[in-house]
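Here is the structure we will look at.
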């Protein structure tokens with residue numbers, strides 16, 4: 001009723017626009033309903049397939065999905081702190097479940113680093129070193145992959161394909177390949193994370209470069225600057241803040257990736273987490289999860305602080 005009254009007040013062109021908008025709105029609602037129906041059908045089909053693949057046990061066990069939370073509860077909350085700082089447990093029965101002090105890394109006779117802190121530091125070192133390697137090569141390749149700096153498709157195309165190949169496989173798959181060649185340890189983890197980071201950061205970097213203002217580059221070209229000089233003095237100052245943000249974001253991602261790779265033999269905290277979960281050591285598992293959360297939070301806060309220091313507070317303020 002309100003729409004018809006509004007249409008009477010509009011001019012002929014206005015009424016035409018109003019009818020067109022109503023048609024588009026009705027079409028959008030139809031597509032939304034069809035999309036939700038397709039999603040519901042896909043979800044139902046997935047549940048049916050999962051239940052059929054598990055001999056009818058999937059839906060039966062679904063209500064018990066969070067039972068593992070109860071299984072992770074230690075005998076008392078203080079056990080988590082003892083496991084985290086390698087302190088003796090009053091429940092020590094000689095088994096691996098309570099052998100917290102045996103993991104200490106002694107610096108001197110009376111000073112030690114708790115095992116999980118040491119392994120977490122190893123994981124963070126893997127992530128930092130891998131991110132630096134990935135950012136270095138991604139920085140070099142991104143300018144060759146950018147359309148506005150490399151017009152030749154014979155150069156730009158192969159560089160982009162190389163970066164696509166490098167990021168095509170997850171880090172854990174690449175790590176499995178290197179673990180078979182280089183054996184267990186942090187070196188295969190560094191190689192796997194670095195390779196994936198080169199492809200990922202290279203793509204993000206060249207997209208930033210393609211959106212850069214080309215006027216400084218054109219001015220440098222007019223005075224006879226070389227290609228490297230045009231890139232270094234005309235493009236890099238513009239894109240460096242975004243490059244820094246992507247670098248710090250990738251560092252956070254690589255900390256988690258290094259943890260996952262550690263679970264398959266790449267060193268660091270991931271291997272200890274896998275063992276503690278598999279052996280049912282509740283206090284150790286929760287201590288590692290707590291340390292992982294604290295590390296990710298610390299990396300995130302440090303990244304935000306460093307971005308503000310490099311870019312300036314004015315970049316984070318709303319325009320007046």
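Numbering (the UniProt record's numbering), first residue to last: 1 to 320.
By construction, the Cβ of each residue, glycine as well, lies at the ideal position given by its N, Cα and C atoms.
Keep in mind that this is a model prediction, so the values were computed, not measured.
Starting from residue 98, follow its DSSP beta bridges and name the residues at the other end. None; residue 98 has no bridge partner.
Assuming contact is defined by CB atoms lying nearer than 7 angstroms, are residue 192 and residue 169 in contact in what I supplied? no
Rounded to whole angstroms, what is the Cα-Cα separation between residue 308 and residue 283? 38 angstroms
Taking all protein chains shown into account, decide if residue 142 is buried (16 or more other Cβ within 10 angstroms of its Cβ) or exposed. buried
To the nearest angstrom, how far is the alpha carbon of residue 210 from that of residue 96? 56 angstroms
Range of the contiguous alpha helix (DSSP H) that encloses residue 206: 186 to 210
Secondary structure at residue 246, three-state DSSP: helix, strand or coil? helix
Short check: CB of residue 197 to CB of residue 265, under 7 angstroms? no
Residue 275 in three-state terms, based on DSSP: helix
Would you call residue 78 buried or exposed, if buried means 16 or more other Cβ atoms sit within 10 Å of its Cβ? exposed
Just checking my contact of residue 212 with residue 255 at CB under 8 angstroms: how many whole Å lie between their CB atoms? Not really, about 29 angstroms apart at Cβ, beyond 8 angstroms.
Assuming residue 200 and residue 188 form a contact by the criterion Cβ under 8 angstroms, report the distance between their Cβ atoms to the nearest whole angstrom. At roughly 19 angstroms, the Cβ-Cβ gap does not stay under 8 angstroms, so residue 200 and residue 188 are not in contact.
For residue 215, count neighbouring Cβ atoms within 10 angstroms of its own Cβ and tell me buried if that reaches 16, exposed if not. exposed
Selected residue, minimal CA-CA separation from residue 302, among 245, 61 and 35: 245
Taking the CB atoms as reference points, tell me whether residue 31 and residue 291 lie closer together than 7 angstroms. no
Let's see if you can read the secondary structure: which residues bound the alpha helix (DSSP H) around residue 162? 153 to 166
Contact between the region 260 to 278 and the region 115 to 130: three or more CB pairs below 8 angstroms? yes
Please report how far the alpha carbon of residue 232 lies from the alpha carbon of residue 297, in whole angstroms. 34 angstroms
For residue 105, the residue or residues it bridges with in DSSP: 113
Quick check on the burial criterion: 16 or more other C-beta atoms within 10 angstroms. Buried or exposed for residue 1? Low local confidence applies: a pLDDT of 46 at residue 1 is under 50, so the model's placement there is unreliable, and no value is given.
Label residue 259 either buried or exposed according to how many other C-beta atoms from any shown protein chain fall within 10 Å of its C-beta, with 16 as the threshold for buried. buried
Report the residue from 111, 64, 12 and 219 whose alpha carbon sits nearest the alpha carbon of residue 86. 111
Going by other Cβ atoms of all chains shown within 10 Å of its Cβ, with 16 needed for buried, is residue 98 buried or exposed? buried
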